Amino acid sequence: MKVAVLKGGSSLEREVSLRSAARVEDAVGELGHEAIGIDVGQDLVDRLREHQPGVVFIALHGPGGEDGTVQELLEILDLPYTGPGVAACALCMDKVAAKHEMRADGIPTPDWAAFNATAFRELGAADTLDEIEARLGFPLVVKPASQGSSLGVEFAATREEVPEALLAAFSYDDRVLLERYVRGRELAISVLDGDALPIVEAIPREEDFFNFEARYEIGRTDYVCPAELGSDQTGQVQELATRTYETLGCSGFARVDVMLGEQGPRVLEVNAIPGLTDTSLFPMAAEAAGIDFTQLVGRILESAQTRPASETTLRRQAGPLPAGS
Amino acid sequence: MAEPGKPDRGRRGREPGAHRRRSAHTTSHDLERYASLFAKRTQVMRSSAMRDLMAITARPEVISLAGGLPDTSTFPAESFAAQMTRIAHESSAEALQYGPTEGFSETKACIAEVMAAEGMSPDPDDLIVTTGGQQAIDLITKTLVDPGDPVICEAPTYPGAVPTFCSYEADVHQVSTDDDGMRIDELEELLAVLARQGRRPKFIYSVPSFQNPAGVTLSDARRRRLVELARQHELLIVEDNPYGLLRYDGDPQPTLYSLDGGDYVLYIGTLSKILSPGIRIGWVAAPPPVLEKIALGKQAADLCTSTLSQYFVREYFGEGRWLSYIADLIEIYRDRRDAMLEALDRHFPPQAEWTRPEGGLFLWATLPGYIDTTDLLAKALRQNVAFVPGRAAYADGVRGGSSMRLNFSASGEQDLQEGIRRIGSVVSDQIALYETITGEHRVESSPDEGEEPGGEVVPMPRR
């Protein structure tokens, strides 16, 4: 079978994507398939039409590849693809929309307030900052609504730090959110085809605690998998992760990031296409479950071929979906 | 990575001869195993989000003002072909062979010509040909610096020197610069502080002419004072002078090496900016005892500098046109610098400041302190334009957060103007947004609209 591996693109996470894809291509080869790496650009549709792959493995991160855009194209081209569908990708990439869904479904997520730049420019949103700060307390976290990585994520320890943190976040997206900071343990729960894998805990070194960049560097953050939690708590967190995965309509695989604070676990966000590099958390969790990287890629490829028809946006003919699909 | 003696599990299903990048079986356990083997110094060799961002700047649709590339497109291809052909016909066996560690005497003669053009007359025995100027920085640091030893350089400093100093675990101290280059008064204070701690810097690294990244040039008086200080305190100066011959206006300054006579100044030169960075030919001039150690380091690093490149240099200099090629480059780069300065005046908001270099390849712009240029780069990349965030020029990775390095040698005038327009527009956006957020809202004056009032710009402190 031909497997197109989509990678690169113009997202800020291009490099991570290339690293993920390099491993995926090797694994696809080991599974006995033919891997066709495509650095996505203007010629994407042409390349896909030319190769007619049996499955498209989407190893893209960030806007464009992880937000439903590429997924939408693949729907139109009628090509099976890995990971969540269009709607789930769009939801996961938009942290604000995802938090609304979670809250509506009773999934605990920290309080937040979201703004777009227009609210500041035209609607005087700055006048509400005092109110927001009073309700969220300090430190608070400021993030762009739609970046997958740590880019643009800042802590603000005092109110003086808020404007600069906002400005930094606005460099990455026109919409940002201020979120209540939950002190606790950082957990990442990888969900493969609806099942939670062993939990990874990220333990940043003390001096790097407020430096999000350090979260992605070996030696500056320690990772423990499976996380040392009681079996009850492990089950509770895993159940929360799979419930979040379902709430956001994910399929195939995704990674749910959780802070385990005094009040219990809080879901921060869901990564529709988690990193698959040597240092990424998803492969680490799979390995702890006895699934090596090649097997993991095999499982993800299988799940692409069983996407529920309800995720299809462009049906072959008009009419209601058959019952039970 | 396939290990020798182990069956390579990666073969199955692979096209014969398919390129194998790395094993899909590198597990996190493997990773920990490697990590436990890493030398301590690798912990200070930081990877960063900035590096990932910089990788995007290479995309063809991006106008990159980030690189430090000279324009090699005007180098006459026929002349290149003729020289390489002559080498192949006349000296094939020698050109393909190893050469002496310190470099061929013919190469050194060419280097002596280049140094003479800036008023220096080194003894050829005091020279070693290196693989670019970068290797000279590496070898000097390797020769002189033990972990924790103080090294002094400019603030900002050459971004490529930062990882070198860090990998030898130097304790880097950076001295402010202004329009006249490194502030010698501040340097003296620093030396006094270090002396009180019983510490002596191993060397003072400086790019005195058209500094990378700041674009500023050390004044004559400061040059003399710096050399004097070195003698007085018996300190070594490492003078890195890649751009000295690329002066577009103003009078040439004496090199530190010529002022000192080569006792306390180690001199680094390169052909990268006046001929080609691809041939990787640089050099270091140093007092014999230091040079001897550097040669041993060079031997351990790469045995010798590319013989083929050295043969090319010999042929190229033999043609006797190297100075006229530099004169051509000067004409091109001067126009580009002027185009960039003009675009900055037009498109950058009044809150920004920048240097006005008399030569070299770069200038340094500084924005209000609340703008972080690493974040700004992300925004600029969405407009397909790139620069180097200022943090890269500081060893602590913190300072310089509101500055950026802009290169004017590698792009045509139109691209330069368009690139600066785009950066100016994202900067103006951020300033307006910040003022709205903080309630500091003032009447917006878009720098794109209208002429400068009166046409006369009040000179501002540029740093």
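Protein sequences appear in the order of chains A and B.
Heads up: the first sequence begins at 1 in my numbering, then just goes up one per residue.
Heads up: the second sequence begins at 1 in my numbering, then just goes up one per residue.
Don't be surprised by glycine CBs; every beta carbon is placed ideally from N, CA and C.
Here the structure is a predicted model, which is why all the values come from computation and not from measurement.
Counting along the chain, ASP39 (chain A) sits inside the beta strand (DSSP E) bounded by residues 34-39.
For ALA55 (chain B), the chain A residues whose C-beta falls within less than 7 Å of its own C-beta are ARG14 and GLU15, listed in chain order.
GLU164 (chain A) belongs to the set of residues whose beta carbon lies under 7 Å from a beta carbon in chain B. Residue-level contact check: LYS40 (chain B) does not touch chain A, since none of the beta carbons of chain A fall below 7 Å from its beta carbon. For the alpha helix (DSSP H) assignment, the uninterrupted runs of no fewer than 4 residues enclosed by the segment 66-137 of chain A are, from N- to C-terminal side, 69-77, 86-93, 95-104, 117-123 and 129-136. Leaving aside the five residues that flank LEU259 (chain B) on each side, the residues in its chain whose CB is nearer than 7 Å to its CB run, in chain order, ARG223, ARG224 and VAL227. In the three-state scheme derived from DSSP, where H, G and I count as helix and E and B as strand, GLU358 (chain B) is classed as coil.
Per the Cβ contact rule, the segment 260-276 of chain A is in contact with the segment 178-198 of chain A (3 or more Cβ pairs under 8 Å). It is roughly 12 Å from the alpha-carbon of PRO274 (chain A) to the alpha-carbon of GLY65 (chain A).
Counting along the chain, the unbroken alpha helix (DSSP H) around VAL24 (chain A) starts and ends at 14-30.
Under the three-state reduction of DSSP output, PRO204 (chain A) falls in the strand class.
The criterion of a C-beta distance shorter than 7 Å is satisfied by ILE140 (chain B) and VAL238 (chain B). The Cβ of ARG121 (chain A) sits closer than 7 Å to at least one Cβ of chain B. Between ALA168 (chain A) and chain B, the shortest Cβ-Cβ separation is below 7 Å. C-alpha of ASP105 (chain A) to C-alpha of LEU167 (chain A): approximately 32 Å in a straight line.
The Cβ of SER171 (chain A) sits closer than 7 Å to at least one Cβ of chain B.
The secondary-structure analysis by DSSP pairs LYS2 (chain A) across a beta bridge with A:GLU34. Burial is judged here by how many other beta carbons sit within 10 angstroms of a residue's own beta carbon; LEU245 (chain B) has at least 16 and is buried. Interface with chain B (7 Å Cβ-Cβ cutoff): ALA90 (chain A) is excluded. Sorting B:ARG200, B:LYS40, B:ASN212 and B:ALA161 by C-alpha distance to the C-alpha of ALA395 (chain B) places B:ALA161 at the top. ILE203 (chain A) sits exposed, since fewer than 16 C-beta atoms from the chains shown fall within 10 Å of its C-beta.
For the pair PHE348 (chain B) and ASN407 (chain B), the CB atoms are not nearer than the 7 Å cut-off.
When DSSP assignments are scanned along the segment 297-375 of chain B, the uninterrupted stretches of alpha helix (DSSP H) that are 4 or more residues long and fall wholly within it turn out to be 307-318 and 322-347. Chain-ordered, the chain B residues with CB closer than 8 Å to the CB of GLY152 (chain A) read ASP375 and ALA378. Between THR355 (chain B) and ALA155 (chain B), the C-beta spacing is not below 7 Å.
Legend: CB atoms of the segment 266-279 of chain B lying less than 7 Å from CB atoms of chain A are not found in any residue.
In summary, the residues of the segment 122-140 of chain A whose CB is separated from some CB of chain B by less than 7 Å are ALA126, in the order they occur in the chain. Taking C-beta atoms as the reference points, SER280 (chain A) and PRO84 (chain A) fail to come closer than 7 Å. At least one C-beta of chain A is nearer than 7 Å to the C-beta of GLY439 (chain B). Taking each of B:SER306, B:ASP335 and B:ARG59 in turn and checking the Cα distance to VAL40 (chain A), the smallest one comes out for B:ARG59. The segment 381-388 of chain B makes contact with the segment 57-77 of chain B; the number of CB pairs closer than 8 Å reaches 3 or more.
In the structure shown, SER280 (chain A) adopts coil according to DSSP, grouped into three states. LYS379 (chain B) and CYS304 (chain B) have their C-alpha atoms spaced approximately 44 Å apart.
Distances from the CA of MET404 (chain B) to each of B:VAL151, B:GLY369, B:GLU435 and B:GLU418 were compared; the closest alpha carbon is that of B:GLY369.
Counting along the chain, PHE38 (chain B) sits inside no alpha helix (DSSP H), nor does DSSP assign it H or E at all. Here SER92 (chain B) is exposed, its C-beta having fewer than 16 other C-beta atoms within 10 Å.
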